[in-house]
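From first to last, the protein sequence lines stand for chains Y and G.
Just so you know, the first sequence maps onto residues 487 to 795 in our numbering.
Just so you know, the second sequence maps onto residues 172 to 433 in our numbering.
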Amino acid sequence: MIRVENLTRYYGNFPAIENVTFDVEKGEILGFLGPNGAGKSTTMRILTCYMPATSGKATVAGFDVFEESMEVRKRIGYLPEHPPLYPDLDVETYLDFVAKIKGVPPRDRKKAIDEVIDRVGLQDVRKRTIRKLSKGFRQRVGLAQALVHDPEVLILDEPTVGLDPKQIIEVRELIKSLAGKHTVILSTHILPEVSMTCQRVVIIDKGRVVAEDTPENLSSKVKNTERILVEVEGPKDEIQQKLNSVPGVKSVSIEHANGTARFVVDSELDKDIRKDLAQAVVSQGWGLLELRPLDVSLEEVFLRLTTKE
Amino acid sequence: MKAYLALLEKELKIVFSSPIAYVFIGLFLTIAGFFFYNIMAWFDRISMQSMAYAQMYRMPPQPINVNMMALRPFFHNLTIIALFLLPGFTMRLFAEEKRQGTLELLETSPITNWQLTLAKFTAAWILWGITLALTGILVGMLFFFGNPEVGQILSGYLGMFLVGGAFIAIGMWFSTMTENQIVAFISALGANLVLLSLGWLSNFAGETLGKLFANIDPIAHFDDFAKGVIDTKHIVFYASFIFMGIFLSFMSVESARWRGSR
Ligand SMILES: Nc1ncnc2c1ncn2[C@@H]1O[C@H](COP(=O)(O)OP(=O)(O)OP(=O)(O)O)[C@@H](O)[C@H]1O
Ligand SMILES: [Mg+2]
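Pasting the structure below:
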C-alpha cells in the first residue's frame, strides 16, 4: 500500500532523512519509532505530499506522492504533529469544512461527521469553539479531522501526545480497530506504544532506518540483553557449551559460516563479558577469529526512547 | 468549484465569527466619517460664502456643485484609507494559515492552489464590498445638502471596489511570503505607498517614464470613476492588476510545494 524507497530529504546541507526504505502492506499498522529529531515528521510530510523529497521515491496506493499528488491526497487522512485547527470555528463547522475539502459527497457528510464525533468522543463539545477546548480535546479534533472521510491510508504523527492516560488507551483502541480496512502509519517515541498498537515497527534514528521487525522480536532483542558475535575455529558443540558457562551469558545460538562457526551470544545488559568470552575460547586453544558487539545503534536508540509511560 | 465554495465559506465564517471583520469595518467607517465631516464642514463654508456673495451682488445664489466639491474628494479619501487599512486585513490571509499549521491540512487535501488563492481573494473582496456598502450611509446624507448625481455615485463605487481589489491582491501576495503577519502588513503597505508615489513622481519623470509610472498607480486610474466616467481601459487595468496579484500568490504557494521551503 505504501512503498518508500531510498527517501532522502535535506534541509540546506543537513540531511533530515537519508535513504529511508520500507513498505507497508494493506491493512497493516506500522509503528514509526524514533527519538526526537529522528526524521519521523519529515518522512510523514513527504508521504502526505506536503513536502517534496530531495531524492528517492514514495508511492501510496500505487500513486507517486509528487507526480500524482492529487490521487494520493484523496486517499489519505493525516494528523500532523500540531493539529491543524481553526480556533474560531466550532468543532462541527470545522469537521464539515474538512469533509468538504476532502470530497465527501453532500449526502454522506452529516453521517460521516456524526460517526467520527462518536468515534473519537467529541459528543459533548461538538458545538464548542475550538479555541475553548483543552489540549486533549484539540488532539481528538485533529484525529477526527484525519478520519472524517474514512480514508484508505492514515498517517498519524504522534497521535497520543497531550492525552491523559484514559484517552491514550481509547485512542490506541481506536487505532487498532482501524487495522484490516485501513493502512496506518503512526509515529511515536514511546516504546510500549508500538508494542500495544502495531504489527510491525520501523525504527529510525538520525535520519536512518536502524531496524525493522515485529514489536515482539524487537523487545526481546532489547530486554536487558546485549548481543555479541563470536566467530571461532573449533568443535562447535563444545564451544557452545563453553560459551554458555561464562557468567552473565543468557543464551548462545549458532550461525554457520564456511568452515568456522559464528555464535550469537545474548548477555545481560550493563555487563561487559567480552573479555571473559575471549579468555574462555583462548584457554581451550581454539582460534578466536572475531568478537564484536551487534546492533549497537539499536541499543543506543533504545536508550534515547521513552521506555516507560 | 465545490472545493472553492467550501474554502470561501470557511474564510467568511472565520472572518465574521472573530472580531477581525468588525474591527476592520468599524475602523474604516470611523476614519471615513471623520473625513466626511471635514469635507462637509468645508462644503458648508463655501456654500455660505457663495450665498453671501450672491446677496452682496444682488444675484440669485449659485448652487455649489455637490458632485465635484464633496463626492469626488470623499471618494478619493476612501481609496487612501483603503490603501492603509486593507493590508491590515490581507496580512492574515496566508500568514495565519502557516503560523497555526492549517496550511498543512490545506496542502495535503485534494484541492488546488488556484481554488485556495481565489477563495481567499473572493472572501476579502466580499468584506471590502460590505464595507463600501456601509459607507453608503454617509453618501446618502449628501442628498440633504444638494443633488448628488446617482450615476457618479455608482461609478465611484465601482471604482473603489476595483481599487480595493487591487490592494487586496497585492496584500495577499505579501501574505504568502511569510508567516509573520506584521511583516506581511508592513511590506504590503510599503508596496502600496511605492505605487502611490510612482503616480505622484510621474509628474516629474520624463515623458515615457512618467507615462509608465502613472499607469501602474492604482489610484491614478480611479479619478475617472470618481468623476462619473466609466472607461473600459481602467477596468482592464484593474482586472489585469488583480489577476497579477492572484497569479503571484498562486505561484508563491505553489512553488513552496516544489521547493519544500515551509
Ligand atoms: N524546516 C526545517 N528546517 C531545518 N531543519 C529542520 C526542519 N524541520 C526539521 N528539521 C530538522 O530535521 C530533523 C528531523 O526532524 P523531524 O521533525 O522530522 O524529527 P521527528 O522525528 O519528527 O522529531 P520529534 O520526535 O521531535 O517530532 C531534525 O534534526 C530537525 O531539526
Ligand atoms: Mg515529529
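Using N, Cα and C, we set each Cβ at its ideal position, and we do this for glycine too.
Keep in mind it's a predicted model, so treat the numbers as computed, not measured.
{"Query": "Cβ-Cβ separation, residue 641 (chain Y) to residue 533 (chain Y) (assumed contact under 8 Å), whole Å", "Result": "6 Å"}
{"Query": "Close beta carbons around residue 399 (chain G), own chain, < 6 Å, minus the five adjacent residues each side", "Result": "322, 323, 326"}
{"Query": "Cβ pair residue 487 (chain Y), residue 638 (chain Y) closer than 9 Å", "Result": "yes"}
{"Query": "Segment limits, beta strand (DSSP E) that includes residue 497 (chain Y)", "Result": "488-497"}
{"Query": "Stretch-stretch touch, CB-based, cutoff 8 Å, three pairs: the region 530-544 of chain Y with the region 679-694 of chain Y", "Result": "no"}
{"Query": "Residues of its chain near residue 429 (chain G), where Cβ-Cβ distance is below 6 Å and the 5 sequence neighbours each way are ignored", "Result": "none"}
{"Query": "Closest residue to residue 719 (chain Y) among Y:700, Y:537, Y:764 (Cα-Cα distance)", "Result": "Y:764"}
{"Query": "Buried/exposed call for residue 631 (chain Y), threshold 16 Cβ in 10 Å", "Result": "buried"}
{"Query": "Runs of alpha helix (DSSP H) lying entirely within the region 596-684 of chain Y, each at least 4 residues, in chain order", "Result": "621-633, 651-664, 677-683"}
{"Query": "Distance cut-off 8 Å: residue 691 (chain Y) Cβ against heavy atoms of ligand 2", "Result": "no"}
{"Query": "Range covered by the alpha helix (DSSP H) that runs through residue 776 (chain Y)", "Result": "No alpha helix (DSSP H) contains residue 776 (chain Y), which is instead part of the beta strand (DSSP E) from 773-779."}
{"Query": "Partners in chain G for residue 574 (chain Y), counting only beta-carbon separations shorter than 7 Å", "Result": "185, 188, 189"}
{"Query": "Beta-carbon separation (whole angstroms), residue 381 (chain G) vs residue 368 (chain G), contact threshold 8 Å", "Result": "So it is not a contact: roughly 13 Å between Cβ atoms."}
{"Query": "Residue burial classification, residue 193 (chain G) (beta-carbon count within 10 angstroms, cutoff 16)", "Result": "exposed"}
{"Query": "The region 575-595 of chain Y contacting the region 297-306 of chain G, beta-carbon criterion three pairs below 8 Å", "Result": "no"}
{"Query": "Which residues DSSP lists as bridging residue 533 (chain Y), in chain order", "Result": "According to DSSP, which records beta bridges pairwise, residue 533 (chain Y) is partnered with nothing at all."}
{"Query": "Residue burial classification, residue 182 (chain G) (beta-carbon count within 10 angstroms, cutoff 16)", "Result": "buried"}
{"Query": "Spatially closest choice to residue 260 (chain G) from G:354, G:391, G:214, by CA coordinates", "Result": "G:354"}
{"Query": "Beta-carbon separation (whole angstroms), residue 273 (chain G) vs residue 570 (chain Y), contact threshold 8 Å", "Result": "4 Å"}
{"Query": "Any non-hydrogen atom of ligand 1 within 8 Å of residue 278 (chain G) CB", "Result": "no"}
{"Query": "Anticipated Cβ contact below 8 Å, residue 495 (chain Y) with residue 545 (chain Y), distance rounded", "Result": "At roughly 16 Å, the Cβ-Cβ gap does not stay under 8 Å, so residue 495 (chain Y) and residue 545 (chain Y) are not in contact."}
{"Query": "Alpha carbon of residue 782 (chain Y) to alpha carbon of residue 342 (chain G), nearest angstrom", "Result": "Unreliable placement is indicated for residue 782 (chain Y), whose pLDDT of 49 sits below 50; the coordinate value is still reported in the next sentence. Whole-angstrom Cα-Cα distance: 54 Å."}
{"Query": "6 Å Cβ shell around residue 270 (chain G) - same chain, five flanking residues per side excluded", "Result": "350"}
{"Query": "Cβ-based contacts, 7 Å cut-off: residues of the region 257-274 of chain G near chain Y", "Result": "272, 273"}
{"Query": "Local Cβ density within 10 Å of residue 318 (chain G), reported as buried at 16 or more and exposed below that", "Result": "exposed"}
{"Query": "Beta carbon of residue 520 (chain Y) nearer than 9 Å to that of residue 675 (chain Y)", "Result": "yes"}
{"Query": "Enclosing alpha helix (DSSP H) for residue 325 (chain G) [first to last residue]", "Result": "321-347"}
{"Query": "Proximity winner among Y:752, Y:677, Y:561, Y:749, relative to residue 701 (chain Y) (alpha-carbon distances)", "Result": "Y:677"}
{"Query": "Cβ-based contacts, 8 Å cut-off: residues of the region 327-356 of chain G near chain Y", "Result": "none"}
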